[in-house]
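In full-length UniProt numbering, the protein residues as written are 1 to 761.
To start, the structure under review is shown below, and the notes come after it.
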Amino acid sequence: QVDAVRVYVNSSSENLQYPVLFVVRQQKGVLSWQVPLIFRGLYQRTYNYQEVSRTLCPSEPTPETRPSNQIIFVDVASMAPFNIAYELLVTRLENFQLETNKAFNFTASPSQPQYFLYKFPQDVDSVIINVVSDAAYPCSVVSVQDIVCPVYDLDHNVEFNGVYQSMTKQAAITVQRKDFPGEQFFVVFVIKPEDYACGGSVPSSIHGNVNRTWNLQRTKNLQVTIVPSIKKSVYVQAMFFSFLSFLSFYLGSVIVAFVHYISTDVKLTVPFGSVFIAGSGIMTSSRPISTSTPEGSSYGAIDESSSSGGHQMSSPERRPAAGSDTDSSVEEESDFDTMPEIESDKNIIRTKVFLYLSDLSRKDRRIVSKKYKIYFWNIITIAVFYALPVIQLVITYQTVVNVTGNQDICYYNFLCAHPLGVLSAFNNILSNVGHMMLGFLFLLIVLRRDILHRRAMEMKDIYTLDYGIPKHFGLFYAMGIALMMEGVLSACYHVCPNYSNFQFDTSFMYMIAGLCMLKLYQTRHPDINASAYSAYASFAVVICLAVLGVVFGKNDMWFWVVFSMIHVLASLALSTQIYYMGRFKMGKCYLGIFRRAVMVLYTDCIQQCSRPMYMDRMVLLIVGNLVNWSFAIFGLVYRPRDFASYILGIFICNLLLYLAFYIIMKLRSSEKLLPIPMFCIVATAVVWAAALYFFFQNLSSWEETPAESREKNRPCILLGFFDDHDVWHFLSAAALFFSFLVLLTLDDDLDTVRRDKIPVF
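Structural data, given as structure tokens:
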């Protein structure tokens with residue numbers, strides 16, 4: 001048992017010119033203070049206290065020496081030319097040593113700090129110090145310090161040693177035995193003279209700088225409980241759980257691929273329509289396969305002969321030679337759209353009321369495929385140049401936390417932050433392994449489809465030439481890389497989550513949402529989709545706006561006005577391009593695009609009120625613009641502090657709107673949803689719903705002060721290792737994977753349908 005002594009002093013003197021000086025001399029140290037005790041705050045405000053109580057640094061008998069009496073000298077002095085009355089009381093602390101799993105209640109104030117001793121039990125390697133209070137204020141600080149005298153237990157020096165956190169109602173610090181060679185430490189509790197550090201009101205500089213009545217007004221009741229943390233075996237179980245959970249997706253994919261291989265092998269010897277496929281040979285009849293559009297469908301209003309694209313794609317001159325699918329190093333970006341016959345009639349074709357896929361897949365497949373592969377190579381370059389500085393920065397953040405001991409830098413869920421090595425919250429990093437594993441699995445699935453498609457091209461399979469959706473896999477590869485990088489950057493963000501680096505966690509989310517929209521549009525518009533350079537340049541602009549929003553989006557109204565104008569104008573410009581299928585040219589005056597938008601509204605909504613020229617596109621664009629304008633108005637009115645999430649919400653809502661429109665139009669055109677895409681759609685909806693439930697649990701928030709954020713901390717819910725946000729990581733990775741599979745398999749039912757029979761929407 002360790003003995004500790006507490007010294008209480010009180011003086012009725014309020015004369016700051018002649019304070020009473022107290023000096024306590026012990027065997028291993030000297031402790032001194034004055035009465036009145038003065039604390040300083042913002043704007044040079046001062047707070048003086050006439051009552052002071054300090055715990056003297058205890059001395060513990062060593063095994064070599066027996067317990068002995070200790071001599072303590074207390075010197076009292078003052079330079080006052082008159083007598084000053086004071087009170088001195090020395091008491092022995094009965095409950096100085098904290099016990100495991102036993103709550104202890106006490107009271108502290110700025111002039112009467114408290115600290116206690118804790119020793120690690122023999123079978124415990126890590127403990128969590130839980131501190132709670134019924135009142136948020138006054139603001140307090142919890143510190144863990146080594147057994148060294150003197151103990152830093154005042155507001156101006158508590159940050160000099162050890163690990164510390166600010167606190168309102170709750171604090172939690174994980175302490176490991178390996179960090180304390182003596183296997184014991186002090187837990188120090190300090191009450192701050194002002195509350196601004198914890199989110200309280202900021203004192204006004206106009207008020208007087210001396211307050212003489214603070215002795216009993218800033219006391220705080222606290223309860224501390226020290227509980228054992230998890231053992232090393234739990235770390236192993238958590239890692240096995242994380243990897244095995246996502247390896248099951250690999251197993252499921254192998255099973256599906258095997259079943260698909262067996263079923264395909266059986267179909268090779270069975271007549272399908274008018275085509276027989278046996279081994280590597282193909283024999284076709286003189287009448288081509290066709291799937292007629294059902295009667296009553298709006299897309300059947302134009303006869304087959306009106307779509308010239310289908311016949312041109314069937315001509316021998318337009319069909320690439322066998323074995324020529326590989327990319328050529330001499331093919332440049334300037335080669336696109338150089339065929340005279342395309343230039344002569346594409347303006348006419350793309351302005352027809354009813355378009356078919358053959359109208360928008362007229363370019364050379366090899367060149368278009370190479371164009372989309374640029375997405376893949378560019379995103380790898382972006383990932384490398386973006387990730388390396390991010391990794392370097394978060395390593396610096398973690399080093400600063402470890403060296404200074406300031407745990408207010410990072411916004412962890414401290415009730416479920418399990419350290420490993422130099423990392424303070426390894427569980428938040430481990431839970432991102434799903435994004436990387438499932439992103440790599442998606443790349444393998446796309447690679448398999450790409451290889452099968454190339455083999456079919458080498459066999460001159462008719463289905464790969466004039467039937468189904470054109471197979472361009474560059475965007476799919478880019479989506480897989482983006483999913484992996486989201487895991488990497490999310491892990492980097494959770495090394496030290498805070499206000500400054502939240503953009504690391506969202507940058508590739510913007511790219512994933514944008515790439516998904518581009519892929520969905522590319523499916524039936526392969527010739528007119530955006531190039532990789534313009535797409536990534538747009539993403540760069542979005543990320544720049546996100547950074548500006550983080551810096552200026554808190555209180556600056558001018559930023560929200562400018563951003564909302566950019567948002568609305570960009571929506572109108574994009575709508576005009578989509579409505580005219582990319583055939584609108586802005587010319588020298590960029591304002592011309594908005595004049596054209598007004599003309600569209602006049603001609604399609606005023607002159608032809610009964611029905612616009614392109615009804616389906618008009619409905620989609622009207623709804624899309626209403627959604628985006630609503631976001632712009634919301635931003636102007638409420639000015640959300642989390643600007644990065646605000647932009648991400650815009651991307652996600654637009655993606656969901658376009659996906660819903662695509663599926664509705666697909667079903668309206670009497671197309672089918674095969675079992676695999678149907679399963680993926682249902683799985684996506686279910687997993688996203690579960691993931692969003694855990695996402696909105698809000699275990700921390702860098703929009704508030706660190707002390708206020710800790711009020712939201714909660715214990716682990718999975719294996720005693722993962723919290724709600726970790727479960728969000730697991731489920732969101734699976735949800736994104738299923739979402740990608742939806743885009744990959746959504747139009748598999750069209751593989752045997754002629755392109756001049758596939759409507760464009």
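All C-beta atoms, glycine included, are put in the ideal place defined by N, C-alpha and C.
Bear in mind the structure is a predicted one, so any value in this text is a computation, not a measurement.
Spatial distance of residue i from residue j (CA atoms)
{"i": "A103", "j": "V148", "result": "25 angstroms"}
{"i": "L569", "j": "W560", "result": "14 angstroms"}
{"i": "M437", "j": "T107", "result": "50 angstroms"}
{"i": "D751", "j": "S709", "result": "53 angstroms"}
{"i": "A644", "j": "C544", "result": "11 angstroms"}
{"i": "S233", "j": "M239", "result": "10 angstroms"}
{"i": "residue 807", "j": "A417", "result": "Coverage of the chain is limited to positions 1 through 761, which leaves residue 807 absent and any answer about it impossible."}
{"i": "M557", "j": "A632", "result": "13 angstroms"}
{"i": "residue 771", "j": "I71", "result": "Here the chain covers residues 1 to 761 and nothing more, so residue 771 does not appear."}
{"i": "F243", "j": "G421", "result": "20 angstroms"}
{"i": "S477", "j": "P640", "result": "It is worth fixing the name first, because residue 477 is Tyr in this sequence and not Ser. Each residue's alpha carbon lies about 34 angstroms from the other."}
{"i": "D724", "j": "Q17", "result": "56 angstroms"}
{"i": "Y152", "j": "V142", "result": "11 angstroms"}
{"i": "I84", "j": "D75", "result": "15 angstroms"}
{"i": "S578", "j": "R617", "result": "The question names Ser, yet the displayed sequence has Ile at residue 578. Taking the straight line from one Cα to the other gives about 8 angstroms."}
{"i": "L117", "j": "R177", "result": "14 angstroms"}
{"i": "V144", "j": "V124", "result": "17 angstroms"}
{"i": "D337", "j": "G474", "result": "Interpretation of D337 is limited by its pLDDT of 46, a score under 50 that renders its predicted location unreliable; no figure is taken from the coordinates."}
{"i": "C589", "j": "D450", "result": "Model confidence at C589 stands at a pLDDT of 47, short of 50, so the residue's coordinates are unreliable and nothing is read from them."}
{"i": "R454", "j": "V541", "result": "36 angstroms"}
Own chain partners of residue i with C-beta closer than 7 angstroms, once the 5 adjacent residues on each side are dropped
{"i": "M517", "result": "N654, L655 and Y658"}
{"i": "Q237", "result": "L719"}
{"i": "L621", "result": "S575, I578 and Y579"}
Same chain, Cβ closer than 6 angstroms to residue i, five either side skipped, listed in chain order
{"i": "L88", "result": "V9"}
{"i": "I676", "result": "T745"}
{"i": "G439", "result": "G480, L483 and M484"}
{"i": "N130", "result": "A172 and T225"}
{"i": "A546", "result": "Q503, A644 and I647"}
{"i": "G487", "result": "N432, H435 and M436"}
{"i": "A77", "result": "L21"}
{"i": "V562", "result": "none"}
{"i": "P340", "result": "Residue placement at P340 cannot be trusted, given a pLDDT of 47 that sits under 50; the coordinates are not used to answer."}
{"i": "H567", "result": "A632"}
Status (buried if at least 16 other CB within 10 Å, exposed otherwise) for residue i
{"i": "M479", "result": "buried"}
{"i": "H435", "result": "buried"}
{"i": "T745", "result": "buried"}
{"i": "V742", "result": "buried"}
{"i": "S286", "result": "At S286 the pLDDT is 37, less than 50, meaning the model places this residue with poor confidence; the figure from the coordinates comes in the next sentence. Classification for S286: exposed."}
{"i": "L667", "result": "exposed"}
{"i": "E194", "result": "buried"}
{"i": "L42", "result": "exposed"}
{"i": "L692", "result": "exposed"}
{"i": "F737", "result": "buried"}
{"i": "S424", "result": "buried"}
{"i": "Y261", "result": "exposed"}
{"i": "T396", "result": "exposed"}
{"i": "E14", "result": "exposed"}
{"i": "F696", "result": "exposed"}
CB contact check: residue i to chain C, cutoff 8 angstroms
{"i": "Y18", "result": "In the structure shown, chain C does not exist; there is a single protein chain."}
Sequence-distant residues of the same chain with beta carbon closer than 8 angstroms to residue i, five excluded per side
{"i": "L31", "result": "V23, V24, R54, L56, C57 and P150"}
{"i": "V627", "result": "C653, N654 and L657"}
{"i": "H207", "result": "The pLDDT assigned to H207 is 49, lower than 50, so where the model puts this residue is not dependable, and the model offers no usable value."}
{"i": "V227", "result": "T100, N101, V127, I128 and N130"}
{"i": "D146", "result": "N161, G162, F180, G182, F185 and F186"}
{"i": "S564", "result": "A632, I633, G635 and L636"}
Beta-ladder partner(s) of residue i, from DSSP
{"i": "E51", "result": "N10"}
{"i": "S109", "result": "Q112"}
{"i": "R40", "result": "T46"}
{"i": "I543", "result": "I543 pairs with nothing; no bridge assigned."}
{"i": "Y467", "result": "R754"}
{"i": "I226", "result": "T100 and I129"}
Stretch pair the stretch 407-414 + the stretch 508-523: three plus CB contacts closer than 8 angstroms | Proximity of the stretch 407-414 to the stretch 508-523 falls short of the contact definition, fewer than three beta-carbon pairs being nearer than 8 angstroms.
Sufficient close CB pairs (3 or more, under 8 angstroms) joining the stretch 412-429 to the stretch 378-391 | No, the stretch 412-429 does not touch the stretch 378-391.
At least three beta-carbon pairs within less than 8 angstroms, the stretch 244-257 to the stretch 127-144 = Verdict: no, contact absent.
Does the pairing of the stretch 713-728 with the stretch 684-703 give three or more beta-carbon distances under 8 angstroms?
-> Output reads yes: the stretch 684-703 touches the stretch 713-728.
Counting Cβ pairs closer than 8 angstroms, one from the stretch 107-117 and one from the stretch 188-197, do we hit at least three?
-> With the cut-off at 8 angstroms, the stretch 107-117 and the stretch 188-197 touch.
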